[in-house]
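**Student:**
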Amino acid sequence: MPARLTFQFLDTGMGDGTLVQMRRHGAAFDRLMLVDFGEKGSPFTVAHEDALAYLVEQIDQNSMARGSAHPYVDGLVLTHPDSDHYNKVPQLLDATYPSYGKRRRLRFGKLSYSGASKEYKTVVEGRLNGRVDAGIDPMPSCYASKLSGSHNLAPWDTHGPIKLYVLSSNWPHRAAKTNPKSVVLMFELDGKRVILCGDATKATERHILKTVMRGDTGQVRCHALKLGHHGSKGSSGVDWVKATRPHAIFASGDQVWTHPYCGAICRFVVHDTLVDHFSKDSYFTCGDRGTYHNNATTLAICMNLWYLAQRKSEKLIDEETGASVVAAAGACFGVQWELTIEAGHPIELTRTQTYLPKPANVDDPYPCAAPSVPVPA
Numbered sequence: 111m112p113a114r115l116t117f118q119f120l121d122t123g124m125g126d127g128t129l130v131q132m133r134r135h136g137a138a139f140d141r142l143m144l145v146d147f148g149e150k151g152s153p154f155t156v157a158h159e160d161a162l163a164y165l166v167e168q169i170d171q172n173s174m175a176r177g178s179a180h181p182y183v184d185g186l187v188l189t190h191p192d193s194d195h196y197n198k199v200p201q202l203l204d205a206t207y208p209s210y211g212k213r214r215r216l217r218f219g220k221l222s223y224s225g226a227s228k229e230y231k232t233v234v235e236g237r238l239n240g241r242v243d244a245g246i247d248p249m250p251s252c253y254a255s256k257l258s259g260s261h262n263l264a265p266w267d268t269h270g271p272i273k274l275y276v277l278s279s280n281w282p283h284r285a286a287k288t289n290p291k292s293v294v295l296m297f298e299l300d301g302k303r304v305i306l307c308g309d310a311t312k313a314t315e316r317h318i319l320k321t322v323m324r325g326d327t328g329q330v331r332c333h334a335l336k337l338g339h340h341g342s343k344g345s346s347g348v349d350w351v352k353a354t355r356p357h358a359i360f361a362s363g364d365q366v367w368t369h370p371y372c373g374a375i376c377r378f379v380v381h382d383t384l385v386d387h388f389s390k391d392s393y394f395t396c397g398d399r400g401t402y403h404n405n406a407t408t409l410a411i412c413m414n415l416w417y418l419a420q421r422k423s424e425k426l427i428d429e430e431t432g433a434s435v436v437a438a439a440g441a442c443f444g445v446q447w448e449l450t451i452e453a454g455h456p457i458e459l460t461r462t463q464t465y466l467p468k469p470a471n472v473d474d475p476y477p478c479a480a481p482s483v484p485v486p487a
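Using our numbering, the first residue of the sequence shown is number 111, and each one after it goes up by one.
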């Protein structure tokens, strides 16, 4: 089997978490990296509970395949000290992994994070202390992995042909505001790149383009991009959209604070970066000025927030069973997305099964988000 790079964009509710699975050619197990795992303020708990169960299962199976004496994840990256990006890590540490019982607990190979350890409350200095083999490694201030005195990127880490770059961390310094100092990661295999932005802002994006890349934006042209700050209006600036030009975009969010924002998604639609991926309608929900809009699309717009029931009573179809279910107004449905890059093969994009709305109920799309609606200038 050729080398493979897989991203599990977890649905944690109003939070974030991405499991990255890296496999060498011919290997029987993955090298695992967890980028954030947290949630706060969601009206429903099922999302992060399902995400936790999924992670426990994947970690358990992979640890057994590699012959590990205990559940093991090679790397944990905490992009910044907002609790919705790290506060579920203790649940992973406390979880029972089926093949290992209650006595053998999860260990990490390496921990990297932005900011100061005390900003993560007791998670870094307390809960993770003694559970990380290579110790706890704060990212340097204003750091990017590039050749000294050059704008050319250099890998921060590698796994066979898979390369991992840091585009930004602790910008402009470790004591800066939380979101701008997010760790921004870029993975590459077979010439295909995926960027994870944490809660990076437009200012962080400008720093990457102007200071790190010195205008050589070709190095950040990517196939997939996880939008900064859950797709908020303070991220995904026009220059960043034009530089990265992703074929597919991802964002986490829930029925809180109208994330992801329709306007952020629109910038990618307007600048025609996204591919027409789905043969039949896929769905996503986005927010604008406190109002949610359900959208049908064939473009590779892959939001964890799939659909929000807005009528008093709506019927949806369970994809797995074909049965009808009734949802009350305010019920939201999420999905987990999987993106796989395999050397010598096209990118694969799939999602978990969920509930399909009746097309007639998707009657209030945000203008630029639906291909059937003219895109505003």
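Glycine residues also receive a C-beta, built at the ideal position from the N, C-alpha and C atoms.
Any idea what DSSP makes of Ile411, helix, strand or coil?
**Tutor:** The answer is strand: DSSP assigns Ile411 an E or B state.
**Student:** Grab me the residues of Phe388's own chain with a C-beta within less than 8 Å of its C-beta, minus the 5 sequence neighbours each way, in chain order.
**Tutor:** Closer than 8 Å at Cβ, skipping near neighbours: Thr407, Thr408, Leu409 and Ala410.
**Student:** Note down, in chain order, each residue of its chain lying with its Cβ closer than 6 Å to the Cβ of Val234, except the 5 sequence neighbours on either side.
**Tutor:** Closer than 6 Å at the Cβ level, and outside the excluded window around Val234, lie Ser227.
**Student:** DSSP puts Glu458 in a beta bridge; with which residues?
**Tutor:** Paired residue(s): Thr450.
**Student:** May I ask you to list the residues that DSSP assigns as paired with Thr268?
**Tutor:** Paired residue(s): Lys273.
**Student:** Do three or more CB pairs link the region 156–163 to the region 117–131 at distances below 8 Å?
**Tutor:** Result yes; three or more Cβ-Cβ pairs closer than 8 Å.
**Student:** What's the gap between the Cα of Gly454 and the Cα of Lys425?
**Tutor:** Answer to the nearest angstrom: the Cα atoms are 42 Å apart.
**Student:** Checking 8 Å against the spacing of the C-beta atoms, do Ser392 and Ala374 come in under that value?
**Tutor:** No, they are not a contact pair.
**Student:** Taking C-beta to C-beta, are Leu295 and Val187 nearer than 8 Å?
**Tutor:** Cβ atoms of Leu295 and Val187: closer than 8 Å.
**Student:** Beta carbon of Phe218, beta carbon of Arg237: below 8 Å?
**Tutor:** No. Outside cutoff.
**Student:** Using 10 angstroms around the beta-carbon of Asp204, count the other beta-carbons present and answer buried if the total reaches 16, otherwise exposed.
**Tutor:** It is exposed - the Cβ of Asp204 has fewer than 16 other Cβ atoms within 10 Å.
**Student:** Does Tyr210 come out as helix, strand or coil in the three-state DSSP assignment?
**Tutor:** Looking at Tyr210 - three-state DSSP - the assignment turns out to be coil, as it is neither helix nor strand.
**Student:** Rounding to the nearest angstrom, what Cα-Cα distance links Thr383 and Ile246 in this structure?
**Tutor:** Going by the C-alpha atoms only, they are around 38 Å apart.
**Student:** Starting from Val183 and walking both ways along the beta strand (DSSP E), at which residues does that stretch end?
**Tutor:** Val183 -> beta strand (DSSP E) spans Tyr182 to Leu188.
**Student:** Going by DSSP in three states, Asp247 sits in which element: helix, strand or coil?
**Tutor:** Of the three classes helix, strand and coil, the one that applies to Asp247 here is strand, per DSSP.
**Student:** With which residues is Ser279 paired in a DSSP beta bridge?
**Tutor:** According to DSSP, Ser279 bridges with Tyr253.
**Student:** I need the DSSP call for Arg421, collapsed to helix, strand or coil.
**Tutor:** Here Arg421 sits in coil by DSSP.
**Student:** Distance check for Val199 and Cys307, CA to CA, integer angstroms please.
**Tutor:** Cys307 and Val199: Cα-Cα distance of roughly 19 Å.
**Student:** What is the rounded straight-line gap between the Cα of Leu221 and the Cα of Val348?
**Tutor:** Going from the Cα of Leu221 to the Cα of Val348 covers about 33 Å.
**Student:** Could you check the C-alpha separation between Met249 and Gln420 for me, to the nearest Å?
**Tutor:** About 43 Å.
**Student:** In whole angstroms, give me the CA-to-CA distance for Ser255 and Thr268.
**Tutor:** Using only the alpha carbons, I get a separation of about 12 Å.
**Student:** Among Val322, Lys320 and Gly344, which has the Cα closest to the Cα of Lys312?
**Tutor:** Residue Gly344 is the option with its Cα nearest to Lys312.
**Student:** Measuring CB to CB, does Ile451 end up less than 8 Å from Leu115?
**Tutor:** In this structure, Leu115 lies closer than 8 Å to Ile451 by Cβ.
**Student:** Just to confirm my understanding: we take Leu144, look at its own chain, exclude 5 residues before and 5 after, and list those with CB closer than 6 Å. What are they?
**Tutor:** Hits under 6 Å: Leu129, Val183 and Leu186.
**Student:** Return helix, strand or coil for Asp170, following the three-state DSSP convention.
**Tutor:** If DSSP states are grouped into helix, strand and coil, Asp170 belongs with the helices.
**Student:** Return yes when the Cβ of Leu263 is within less than 8 Å of the Cβ of Tyr275, no when it is not.
**Tutor:** Yes. Within cutoff.
**Student:** Apply the 10 Å Cβ neighbour rule to Lys468 and answer buried if 16 or more other Cβ atoms are within range, or exposed otherwise.
**Tutor:** With fewer than 16 other Cβ atoms within 10 Å, it is exposed.
**Student:** Lys291 lies in the alpha helix (DSSP H); which residues open and close that run?
**Tutor:** That residue, Lys291, is in no alpha helix (DSSP H); it is neither H nor E in DSSP.
**Student:** Where are the alpha helix (DSSP H) runs, 4 residues long or more, that stay fully inside the region 287–373, in chain order?
**Tutor:** With a minimum length of 4 residues, the continuous alpha helix (DSSP H) runs that stay inside the region 287–373 are 312–317 and 348–354.
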